[in-house]
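Sequential numbering of the sequence shown, starting at 0, is according to numbering that gives the first Met the number 0.
Quick reminder that beta carbons are idealized off the backbone N, C-alpha and C, glycines included.
Input: a single structure, listed below in structure tokens.
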Amino acid sequence: MKMLIARRRVDWLQILVGMGALALVPFLLPLQAQETDSSDADEAELEEEEVQETDEPEVADQGREEVLVVTGSRLVRDEYTSIAPLQIIDSETSREAGLIDAADVIQESTQASGEQIDLTFNGYVLDDGPGASTANLRGLGAARTLILINGRRLAPAGVEGAPSNPDLNLLMPGSVVQRYEVLADGASAVYGSDAIAGVVNVILREDFDGFEFDVFYDLNQHSKIGSTTYTMSWGYNFDRGFMGFGSSVQDVPETTLDDVAFRSNCDRHVERDQSGAIRQKDMFFPTVYKMRWDDCRLGLITSRVSMGAPLYSIYPTPGFTNVGIPGWSDSTYPVPVGIHVLDGDGDGYADFSFRDFDLNGRTGHRSYYPEVKRNNFMAYGEYTMLGDLNLTPFFEVQWARRAIFADSGEPQLFPDVPANNPFNFCNPQAEGGIDCIQTLIDGSAAIFSLPEVREAFLSRWSFLDPIPGGSCDQFFAPFGLTCAEWWLAPVGWYPGMPLQMVPIVSVNGDRNTVDTEVTQSRYVVGASLNLPFMDGIGSLNGWSGQVEAVITRSLGKSSRLGIRGDRLNYALGWYNAAGIPCLADATAPIGFQTRYELTPDVTDGCVPVDMFDPGLYRVGAGVVGDFATKAERDYLFDSRDFDTEINQSLVTAFMSGAMFDLPNGTVIGSYGFEWREDEIVSLPDDVARDGLFFGFFVDYGA
0 MKMLIARRRV
10 DWLQILVGMG
20 ALALVPFLLP
30 LQAQETDSSD
40 ADEAELEEEE
50 VQETDEPEVA
60 DQGREEVLVV
70 TGSRLVRDEY
80 TSIAPLQIID
90 SETSREAGLI
100 DAADVIQEST
110 QASGEQIDLT
120 FNGYVLDDGP
130 GASTANLRGL
140 GAARTLILIN
150 GRRLAPAGVE
160 GAPSNPDLNL
170 LMPGSVVQRY
180 EVLADGASAV
190 YGSDAIAGVV
200 NVILREDFDG
210 FEFDVFYDLN
220 QHSKIGSTTY
230 TMSWGYNFDR
240 GFMGFGSSVQ
250 DVPETTLDDV
260 AFRSNCDRHV
270 ERDQSGAIRQ
280 KDMFFPTVYK
290 MRWDDCRLGL
300 ITSRVSMGAP
310 LYSIYPTPGF
320 TNVGIPGWSD
330 STYPVPVGIH
340 VLDGDGDGYA
350 DFSFRDFDLN
360 GRTGHRSYYP
370 EVKRNNFMAY
380 GEYTMLGDLN
390 LTPFFEVQWA
400 RRAIFADSGE
410 PQLFPDVPAN
420 NPFNFCNPQA
430 EGGIDCIQTL
440 IDGSAAIFSL
450 PEVREAFLSR
460 WSFLDPIPGG
470 SCDQFFAPFG
480 LTCAEWWLAP
490 VGWYPGMPLQ
500 MVPIVSVNGD
510 RNTVDTEVTQ
520 SRYVVGASLN
530 LPFMDGIGSL
540 NGWSGQVEAV
550 ITRSLGKSSR
560 LGIRGDRLNY
570 ALGWYNAAGI
580 PCLADATAPI
590 GFQTRYELTP
600 DVTDGCVPVD
610 MFDPGLYRVG
620 AGVVGDFATK
630 AERDYLFDSR
640 DFDTEINQSL
650 VTAFMSGAMF
660 DLPNGTVIGS
670 YGFEWREDEI
680 VSLPDDVARD
690 GLFFGFFVDY
700 GA
């Protein structure tokens, strides 16, 4: 009798302590439905989507039936009683469809909608850095989609900035995945704002049959370039547990735009007219500008010089000019009404076409799909001990690495060049320079004699005939101006004045490539157990619990090559009033061009840069140019490097089970807590931190 009384006292003590702790949970652990970058984040976790397979006993005329038990939200339900929309993707089925990588399986699921960030996003500024692949459910974004492995949160990974989302490229080997569960229902009340869109839970295999080795070869039908994936798995099942190992190695060669046959060497023009017909040839530039055109759309125009109004840009035409500046021409000339297309040879077409200087179709070395090398390893297992508690310790060890090289193509380079720069051909005081303003005035007089230009003037001002000696010249003669000088006067130009120029070129190897490497290590240890002492207390039944600790560390590195804006401005002469390259004095103008700090890294080894060298201005297939000398290139180019480390520590404990019955079913409850600490150290070099690349963004890291 004493033993029975003592035992019942222990049971009631456990019950009181347990219920007291549960009653305090809502007050001690409020849910957080927002993202946080603090080092400590306490999160109350009540629910988590998870699916397990169990076998029902044999039933007559039905054979052996497998039932998916949905333990989503930590609440055990079958697929029929779960109110949340759930998609189950079997790994074997996905392999038969040719989807080996977890990233491909998740991003091509029916619940994934909206923009899916993958390895084809080259040249974009991404939240998780270059080379990241993220999941986006219901079009709400990766920041609102939670990724779990065996019901446990996956930590962020990436490089540059402050990555906040898991990288699907760093998931486990596909050979150890049993299925993917996609919960397309908001779970923000449980996990916070990163689960508003839904949850993706990757369930690992628990049954092994010795050693398995697979080789997958994927040949692209358009590029004829193949990728190879090697996967390995080994495991051992024993009476009360299992242990499994898996590894994968993937090598994906780079596919460039030139390798893809369906591109037809450029991005094609496509438009729909008012009748619904599809047009694949641009009609605007051939009709309005009278330019010869192909089937490509207009991209970025380079190999030109912007002079400002009224001509705006002039283009290199060696041995020919239609504006008076030797070797340079424009497509149109400004007139009071409409535009006048310059056709010097009278063939009915403009003297050149924008397509001659267009980057579209001339950067075929760009990555259509980057070069990718991936390695993944995972070991995990569990063992159920004897006893009523069914205490089951478990562990997971995961390591993954991705190395990616991508080429996004050379962008435009368009620095301001001082008017008195010694290489500026519109600087009359420079060696070889000319008086561009007087040249334009003289050229305008000849253009004003053309019938269509004269008609445009007279239709606007009937009393101003622009022909030499006409009423326009007579009208402005008392002011000491000719008609052409008056036409240029509103922009503040006068003969003998040097012009500030903006060359617009593309330089080989400038800001177009990025090398990234990211590794992630993840360690999980914990135990699950039954709580039989809860059974029979009122209507409580079938309670179980789990406690786990997860430590994750991610290391990322990235490197880019490009032209530094501070060195370029210093080499162009912006740091002194005389426009002398590589010289700084107190006469330097205050403005956008002199915003950079002149450190020894800028001033030492400076080389004057000629932004008007013919090597930078090419026509046709070779429109991407280069500097005149290797010394200029060596001085201007630098690397932009970034190191990012992300650490996450996570401790979770919860218990769940049946609470009481209602007419329509059993009410299931779950209680628990989660402690999480996130730490990010994202360190840019001075080029990234201060935005020293020309036209490139500033990244302070985190």
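Let me know the beta strand (DSSP E) ranges lying completely inside the segment 336-367, each 3 residues or longer, listed in chain order. Within the segment 336-367, complete beta strand (DSSP E) segments of at least 3 residues are found at 338-340, given in chain order.
Could you check the C-alpha separation between P417 and A687 for me, to the nearest Å? CA-to-CA, the gap between P417 and A687 works out to about 26 Å.
Would L412 pass as a contact of I562 if the rule is Cβ separation under 9 Å? Yes, they are a contact pair.
Can you tell me whether D609 is helix, strand or coil according to DSSP? In the structure shown, D609 sits in coil (DSSP, three-state: anything other than H, G, I, E or B).
I'd like to know if the segment 625-644 and the segment 679-695 are in contact, where contact means that at least 3 CB-CB pairs between them fall below 8 Å. Touching, per the Cβ criterion.
Is G555 helix, strand or coil when you go by DSSP? Here G555 sits in strand by DSSP.
In or out: N426 buried (at least 16 other Cβ within 10 Å) or exposed? So N426 counts as buried.
How is F474 classed by DSSP in three states: helix, strand or coil? Three-state DSSP puts F474 in a helix.
Environment of Q110 [buried if 16+ CB atoms lie within 10 Å]: Classification of Q110: buried, given that the 10 Å Cβ count is 16 or more.
Give me the DSSP bridge partner(s) of M377. Answer by DSSP bridge pairing, in chain order: G245 and Q397.
Nearest-angstrom beta carbon gap, G243 and F212 [assumed within contact, 8 Å]: Incorrect: roughly 15 Å between the Cβ atoms, too far for contact.
Within 10 angstroms of the Cβ of G671, are there 16 or more other Cβ atoms? Answer buried if so, exposed if not. G671 is buried by the Cβ-count criterion.
Quick check on the burial criterion: 16 or more other C-beta atoms within 10 angstroms. Buried or exposed for G234? Within 10 angstroms of the beta-carbon of G234 lie 16 or more other beta-carbons, which makes it buried.
A161 to N135, Cα distance in whole Å? Looking at the two C-alpha atoms, the distance is approximately 19 Å.
Taking DSSP's pairing of strands, which residues face T659 in a bridge? Thr is not the amino acid found at residue 659; the sequence shown has Phe there. The secondary-structure analysis by DSSP pairs F659 across a beta bridge with V666.
State the DSSP-derived secondary structure class of S226, mapped to helix, strand or coil. In the three-state scheme derived from DSSP, where H, G and I count as helix and E and B as strand, S226 is classed as strand.
For I277, list the residues DSSP reports as bridge partners. DSSP, once it has assigned bridges, lists R271 as partnering I277.
Spatially closest choice to V199 from P502, V501, I88 and D642, by CA coordinates: Looking at the Cα atoms, I88 is the closest of the given residues.
With 16 other Cβ atoms within 10 Å as the buried cut-off, status of F456: Under a 10 Å Cβ-count criterion, F456 is classified as buried, with 16 or more other Cβ atoms of the shown protein chains found around its own Cβ.
Whose CA, out of T593, L463, S505 and V501, lies closest to the CA of W486? W486 has its Cα closest to that of L463, out of T593, L463, S505 and V501.
Between the alpha carbons of Y332 and T301, how many angstroms are there, rounded? Cα to Cα, Y332 sits roughly 20 Å from T301.
For V697, does the count of other Cβ atoms within 10 angstroms reach 16, so buried, or fall short, so exposed? Only exposed fits V697, as fewer than 16 other CB atoms lie within 10 angstroms of its CB.
Beta-carbon proximity list for L98, same chain, < 8 Å, skipping 5 on both sides: The answer, listed in chain order, is V104 and E107.
Supposed close pair S443, V336 - CB separation, criterion 8 Å: With a Cβ gap of about 16 Å, S443 and V336 do not count as contacting.
Please report the straight-line C-alpha distance between P165 and F424, rounded to a whole angstrom. A straight line joining the alpha-carbon of P165 with that of F424 spans about 53 Å.
Taking 8 Å as the threshold, find out whether the segment 612-622 comes into contact with the segment 348-366 through three or more Cβ pairs. Cβ pair count under 8 Å is three or more, so yes.
Run of the alpha helix (DSSP H) containing G714, from where it starts to where it stops: Only positions 0 to 701 of the chain appear in the structure, and residue 714 is not among them; the question remains open.
Looking at D406: is its Cβ nearer than 9 Å to the Cβ of S366? In this structure, S366 lies closer than 9 Å to D406 by Cβ.
Tell me which residues share the same chain as N149 and place their Cβ nearer than 6 Å to its Cβ, disregarding the 5 neighbours each side in the sequence. Closer than 6 Å at the Cβ level, and outside the excluded window around N149, lie L203.
For T628, which of helix, strand or coil comes out of DSSP? T628 carries a coil assignment under DSSP once its states are collapsed to helix, strand and coil.
Pairwise C-alpha distance: L554 and F404: Whole-angstrom Cα-Cα distance: 17 Å.
Whose C-beta lies closer than 6 Å to the C-beta of G130 among residues of the same chain, with five residues either side of it excluded? Correct list, in chain order: I403 and T515.
Could you tell me if C435 is buried or exposed, where buried requires 16 or more neighbouring beta carbons within 10 angstroms of its beta carbon? Around the C-beta of C435, 16 or more other C-beta atoms lie within 10 Å, and the residue is accordingly described as buried.
Measure the alpha-carbon distance for P285 versus I116 and round it to whole angstroms. Answer to the nearest angstrom: the Cα atoms are 37 Å apart.
Kindly give me the distance between the Cβ atoms of D294 and K280, rounded to whole angstroms, as I take these residues to be in contact under 8 Å. That pair is a contact at about 6 Å.
Please report the distance separating the alpha-carbon of L388 from that of V201. Between L388 and V201, the C-alpha separation is close to 27 Å.
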